[in-house]
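Engineer:
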Amino acid sequence: MAFSSLPKAMRLVAHLCRRQLAAVVASAPLVWTIPEAKAQGGITRGGSPHRVVIGPNTRVTPLADTTLHVEPHLAVDPTDGRRLVATAMAIPAAGRGPEVRVYTSADAARTWTRRPLGASPAMGGDPWVAFGPGGVAYLLKLPGEVWRSTDAGRTWAPPVIFPQGDGGPFDYPKLAVDHTGGEFAGRVYVWASQSALLPSRKRVGPAALLWSADSGRTLSAPVRVLPNNFGNQVGGIGVLSDGAVVATFHEIDVNNAFLTSPRLWAVRSTNGGATVDGPFLIAENFLADSPDLVVDPSAGPFRDRVYVASTGRLPTGRSVVFLRHSVDRGETWSAPALIRDTLPAGRPGAYLPHRPALAVNREGVVGITWQDPRYDLGARCFALSFTASLDGGATFLPPTAVAAAASCAETPANSVTLEDGTPVSRRYGDGGDYHGLVALPDGSFQALWADSRTGSYQLWTAHVRVEPPVGGRLR
35 MAFSSLPKAM RLVAHLCRRQ LAAVVASAPL VWTIPEAKAQ GGITRGGSPH
85 RVVIGPNTRV TPLADTTLHV EPHLAVDPTD GRRLVATAMA IPAAGRGPEV
135 RVYTSADAAR TWTRRPLGAS PAMGGDPWVA FGPGGVAYLL KLPGEVWRST
185 DAGRTWAPPV IFPQGDGGPF DYPKLAVDHT GGEFAGRVYV WASQSALLPS
235 RKRVGPAALL WSADSGRTLS APVRVLPNNF GNQVGGIGVL SDGAVVATFH
285 EIDVNNAFLT SPRLWAVRST NGGATVDGPF LIAENFLADS PDLVVDPSAG
335 PFRDRVYVAS TGRLPTGRSV VFLRHSVDRG ETWSAPALIR DTLPAGRPGA
385 YLPHRPALAV NREGVVGITW QDPRYDLGAR CFALSFTASL DGGATFLPPT
435 AVAAAASCAE TPANSVTLED GTPVSRRYGD GGDYHGLVAL PDGSFQALWA
485 DSRTGSYQLW TAHVRVEPPV GGRLR
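Per our numbering, the very first residue in the sequence shown carries number 35; after that it's consecutive.
1) From this set, 364, 358 and 363, which residue's C-alpha is nearest residue 370's C-alpha?
2) Can you list, in chain order, the stretches of the beta strand (DSSP E) that have 3 or more residues and sit fully within the segment 301-374?
3) Once the 5 residues before and after residue 393 are set aside, which same chain residues still bring their CB inside 7 Å of it?
4) Label residue 425 either buried or exposed according to how many other C-beta atoms from any shown protein chain fall within 10 Å of its C-beta, with 16 as the threshold for buried.
5) Give the secondary structure of residue 91 by DSSP, where H, G and I count as helix, E and B as strand, and everything else as coil.
6) May I ask you to list the residues that DSSP assigns as paired with residue 225?
7) Quick check on residue 428: buried or exposed, where buried means 16 or more other Cβ atoms within 10 Å of its Cβ?
8) So what does residue 133 bridge to, in DSSP terms?
9) Considering residue 183, what are the terminal residues of the beta strand (DSSP E) in which it resides?
10) Alpha helix (DSSP H) containing residue 170: first to last residue?
11) Cutting at 6 Å between CB atoms, please list the residues of its own chain near residue 216, excluding the five before and the five after it.
12) What are the boundary residues of the beta strand (DSSP E) that includes residue 258?
13) Which residues mark the beginning and the end of the beta strand (DSSP E) in which residue 148 is found?
14) Measure the alpha-carbon distance for residue 457 versus residue 451 and round it to whole angstroms.
15) Under the criterion of a Cβ to heavy atom distance below 7 Å, does residue 481 qualify as lining the ligand GDP?
16) Going by DSSP in three states, residue 460 sits in which element: helix, strand or coil?
17) Looking at the unbroken beta strand (DSSP E) that takes in residue 419, where does it start and where does it end?
18) Report the partner residues of residue 451 according to the DSSP bridge assignment.
19) Kindly confirm or deny that the segment 251-261 and the segment 193-211 touch, where touching means at least three C-beta pairs closer than 8 Å.
20) Would residue 484 pass as a contact of residue 469 if the rule is Cβ separation under 8 Å?
21) Spatial neighbours of residue 212 within its chain, please: C-beta separation below 7 Å, excluding the five flanking residues on both sides.
22) Looking at the unbroken beta strand (DSSP E) that takes in residue 266, where does it start and where does it end?
23) Roughly how many angstroms lie between the CA atoms of residue 461 and residue 477, to the nearest whole one?
24) Straight-line CA distance for residue 162 to residue 285?
25) What three-state label does DSSP hand residue 474 in the structure shown?
26) Thinking just about the alpha-carbon of each residue, which of 238, 108 and 144 is nearest to the one in residue 136?
27) Please report the straight-line C-alpha distance between residue 343 and residue 453, rounded to a whole angstrom.
28) Taking the alpha carbon of residue 306 as the point to measure from, which residue in 292, 280, 298 and 125 has its own alpha carbon closest?
29) Pull the bridge partners of residue 401 from the DSSP assignment, please.
30) Under a three-way DSSP split, which group does residue 387 fall into?
31) Sort 143, 367, 85 and 205 by Cα distance to residue 91 and report the nearest one.
32) Does residue 501 come out as helix, strand or coil in the three-state DSSP assignment?
33) CA-CA distance, residue 241 and residue 302?
34) Count the other CB atoms within 10 Å of the CB of residue 503; is the residue buried (16 or more) or exposed (fewer)?
35) Going by DSSP, what residues sit across from residue 545 in a beta bridge?
36) Is residue 235 buried or exposed, if buried means 16 or more other CB atoms sit within 10 Å of its CB?
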């Protein structure tokens, strides 16, 4: 994100939130290869009649480009799985703010082309992309802009600026589009944190929902959710089959003091974003990481099930990734399901998986990726990992490494400093606050992430497929 665009208090809150789990401590650069990922053509993990097959890691950023890229996101055209749009923050020089870059693929992620975003470098941060009906692509970025493309990301119309109303700057925007064909078909939803003042002049951080009924050409005023006097940060957002919108937010701080036991909440809008219902409690003792949300779009038994992945703590104190779900449109939530946690013998207790991302395919299979240190006993480096649930989030396949090599933050190239003097390696120790995971039209998945296997943060992608037993069905 572009911290300079935010009020001082909000910059502090965002800085604390993003550093809570992002720092990766390394005494020296370390490069190692994950054994399971060496096999040509992909890898398989056993223990289940189903198997996860990982395709080759493909670099998205050009080989000759050494510009650091972090915090990527990914979208696929739901009518043509060959067309994908990737975006990320790029840090081209020390001491200056990030710019947002866009890459597109027309051949199912085999090759990528950088595309211009406007006539000059598009300064800003927190980019997020999605496709809408008719192949229209949308991109959000700070300080608060919606960009629109009608040719799968090759060219972009001038941006529309988020209306602030009587509030202040926005942070961490997310995007969802209604694909239902119902009353609000094609509506574009923006879910973001916003700085605001109470009548007492105390600065708070409500969540804000904005919408567009004309394919992103104009945006509504923000509808704010402020159930407390806290600083709050938004999570994911999704659309149910009837057009209802469900989104999450979590608490961060109060009176500039970081909360030790923040809570994770859900809200819902059933009238196209005109009003917001809730909030509904999802979890207590939530770790202020980057939770993700996805809605099951399939016609299967879990249709419209809402999933939220987040980081939490076991009674032992170790942090892990949990998956929860709601079957009543976000009002009540299941007990947390622990994503399989099989640590090597003698593993230290400081296991810190985090930054989960979610996608659900056409069969209702839930795909989950996260940054995982399990392959490095020193817990100094991370590798993107994947698992899947075939039973609505009750159980999970064994974790599989997606990244063929680890990402270790502390390298000379990653020591470039940001505007506030913080090294990129410290602010984005695991490649950013989020990464990309999408379900492709054929039922497989595509992951996008930033790692520093080459010595600097670059973008990588891989195809992920969950295969049924020979002669069997996926579920």
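We treat Cβ as the ideally placed atom computed from N, Cα and C, and that holds for glycine.
Predicted, not measured: the structure shown is a model, and the values here were computed from it.
Structural biologist: On the basis of the supplied data:
1) 358
2) 311-317, 326-329, 340-347 and 353-360
3) 328, 401, 471, 472, 473 and 479
4) exposed
5) coil
6) 208 and 243
7) exposed
8) 124 and 157
9) 179-183
10) Residue 170 -> no alpha helix (DSSP H), and no H or E assigned at all.
11) 277
12) 257-259
13) 147-149
14) 4 Å
15) What this structure holds is no ligand at all, so the ligand GDP is not there to describe.
16) helix
17) 417-423
18) 457
19) yes
20) yes
21) 218, 219, 220, 221, 273 and 277
22) 265-273
23) 35 Å
24) 22 Å
25) coil
26) 108
27) 31 Å
28) 280
29) 393 and 422
30) coil
31) 143
32) strand
33) 12 Å
34) exposed
35) The shown model of the chain, from 35 to 509, leaves out residue 545, and the question about it has no answer.
36) exposed
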